[in-house]
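In our numbering, the protein residues as written are 61 to 407. Backbone N, C-alpha and C define an ideal beta-carbon position, used for all residues, glycine too. Here the structure is laid out as structure tokens; the discussion comes afterwards.
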Ligand code: 5AD
Ligand code: FES
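In structure tokens form, the structure reads like this:
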């Protein structure tokens with residue numbers, strides 16, 4: 061199996077059946093071998109820097125009803141909130157002082173925020189912080205909307221594809237959502253000129269190794285600038301409440317594979333990874349990840365943006381997370397960079 065990892069390291073690619081074999085035959089020794097290669101590639105590309113992104117969860121209203129998600133519209137127990145432009149700018153002000161140079165505006169698909177409102181928010185952030193990058197993570201929109209946001213100054217967009225196998229996608233989403241639409245959005249975003257991020261939940265219900273192989277091949281084909289993967293974690297008020305969570309072990313293994321397939325990709329050690337294991341994010345970095353995305357949302361609303369149960373950091377101030385992460389990264393020999401942290405192809 062080590063030959064497969066060597067081949068992946070030198071060619072940045074494997075055939076579908078080779079990927080399947082590698083994933084299905086993984087073991088702790090093989091994982092260590094993979095992570096060592098992944099770290100080498102990561103260090104060649106980004107040194108020991110860890111890029112930070114300030115996440116601003118500005119609305120938990122959502123028109124969608126994804127079966128896995130705690131803020132799905134059918135969860136009537138979710139207490140809904142929206143941040144005003146002023147509140148969002150306040151998060152940026154706090155974040156800027158803490159060294160954040162990327163702000164990620166993430167929210168449900170909330171019709172309250174018209175294109176005009178989003179454009180206004182982006183322009184205001186860019187006016188106040190011209191040295192910062194604005195990332196959007198607000199779901200499926202028309203080409204024209206994406207174009208308008210880009211022209212207003214947003215330069216990155218995160219839209220996880222969640223599962224490229226059509227049958228698997230259908231098992232995770234209500235019938236009005238489709239992987240074809242999702243892929244079209246991702247290709248539109250790329251065409252417009254965004255740095256694009258796709259991604260999946262690891263261990264989502266009904267996900268097989270074949271699904272994962274298809275997802276990896278799709279990542280290779282899309283060739284995004286960022287890939288967000290984290291374990292699926294059940295939320296008690298969703299149809300998937302009784303499904304098992306994804307594992308730390310498989311998530312780390314896939315982080316290692318992705319680093320070798322796409323050597324310069326921006327790869328976060330996600331909050332979900334930090335939620336299923338106390339050192340999840342550190343282990344993610346040691347498996348090849350190079351980004352962390354702490355929260356800048358006001359603590360008063362944090363416990364309302366719960367996509368899954370037991371989310372970490374819901375009681376912490378932005379400054380606490382910032383210093384906590386700094387310590388965590390230093391403890392494994394890496395350091396948080398005060399920079400926009402662009403993809404290599406953009407600097
Ligand atoms: N567990 C883990 N990740 C989740 N997401 C949504 N719900 C869950 C969950 N229950 C992820 C999705 C989405 C991202 C913002 O959060 O992949 O794209
Ligand atoms: Fe939030 Fe550690 S990152 S408290």
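*Just to confirm, does residue 292 get its C-beta within under 7 Å of one of the non-hydrogen atoms of the ligand 5AD?*
The answer is yes for residue 292.
*Which residues in the same chain as residue 399 place their Cβ atom closer than 6 Å to its Cβ, once the five residues preceding and following it in sequence are excluded?*
Closer than 6 Å at the Cβ level, and outside the excluded window around residue 399, lie 161.
*Whose C-alpha, out of 256, 364, 352, is nearest the C-alpha of residue 115?*
Considering only alpha carbons, the answer is 352.
_In DSSP terms, what residue 288 is bridged to_ = Looking at the DSSP output, residue 288 sits in a beta bridge with 259.
_Cut-off 6 Å between Cβ atoms - residues of its own chain near residue 129, not counting five sequence neighbours on either side_ = Sequence-distant Cβ neighbours of residue 129 in its own chain, meaning closer than 6 Å and more than five residues away, are 367.
*residue 97 burial status per 10 Å Cβ neighbour count (16 or more: buried)*: Its Cβ being crowded by 16 or more others within 10 Å, residue 97 is buried.
*Using 8 Å as the limit for Cβ to Cβ distance, is residue 211 near chain B?*
No chain B appears in this structure, which consists of one protein chain only.
*In the segment 231-276, which residue ranges form an unbroken beta strand (DSSP E) of at least 3 residues, counting only runs that do not cross its ends?*
As far as the segment 231-276 is concerned, its whole beta strand (DSSP E) runs of at least 3 residues are 255-262.
*the segment 338-356 in contact with the segment 307-321 per 3-pair CB rule at 8 Å*: The answer is yes - the segment 307-321 touches the segment 338-356, with three or more Cβ pairs under 8 Å.
*Roughly how many angstroms lie between the CA atoms of residue 207 and residue 63, to the nearest whole one?*
In this model, residue 207 and residue 63 are separated by some 44 Å (Cα to Cα).
*Does the pairing of the segment 102-114 with the segment 133-143 give three or more beta-carbon distances under 8 Å?*
Short answer: they don't touch.
*Give a single yes or no on whether residue 129 has its beta carbon closer than 7 Å to a heavy atom of the ligand NAP.*
This structure does not include the ligand NAP; its bound ligands are the ligand 5AD and the ligand FES.
*Segments assigned beta strand (DSSP E), at least 3 residues, entirely inside the segment 345-400*: Counting only runs of 3 or more, we get 395-397.
*Starting from the C-beta of residue 298, find all residues in its chain whose C-beta is less than 8 Å away, skip the five residues before and the five after it, and write them out in chain order.*
Once the five neighbours on either side are set aside, the close Cβ partners of residue 298 are 127, 128, 129, 130, 132, 135.
*Roughly how many angstroms lie between the CA atoms of residue 291 and residue 371, to the nearest whole one?*
Taking the straight line from one Cα to the other gives about 12 Å.
_Can you tell me where the alpha helix (DSSP H) holding residue 102 begins and where it ends?_
It spans 88-106 - the alpha helix (DSSP H) in which residue 102 sits, taken as one unbroken run.
*Counterpart residues of residue 205 in DSSP-defined beta bridges*: Per DSSP, none; premise fails for residue 205.
*Do you know how far the Cα of residue 306 is from the Cα of residue 266?*
Taking the straight line from one Cα to the other gives about 11 Å.
*So, using beta-carbon positions, are residue 249 and residue 229 closer together than 8 Å?*
One thing to note: residue 249 has its Cβ no nearer than 8 Å to the Cβ of residue 229.
*Is the beta carbon of residue 169 sitting closer than 8 Å to the one on residue 123?*
In this structure, residue 169 places its C-beta atom within 8 Å of the C-beta atom of residue 123.
_For residue 409 and residue 187, what's the separation of their Cα atoms in angstroms?_
Since the first residue shown for the chain is 61 and the last is 407, residue 409 is missing from the structure and cannot be characterised.
*asked:* Bridge partners for residue 76 per DSSP, in chain order?
replied: Residue 76 is not bridged to any residue.
*So does residue 332 have its beta carbon nearer than 7 Å to some heavy atom of the ligand 5AD?*
Residue side-chain check: residue 332 places its Cβ nearer than 7 Å to a non-hydrogen atom of the ligand 5AD.
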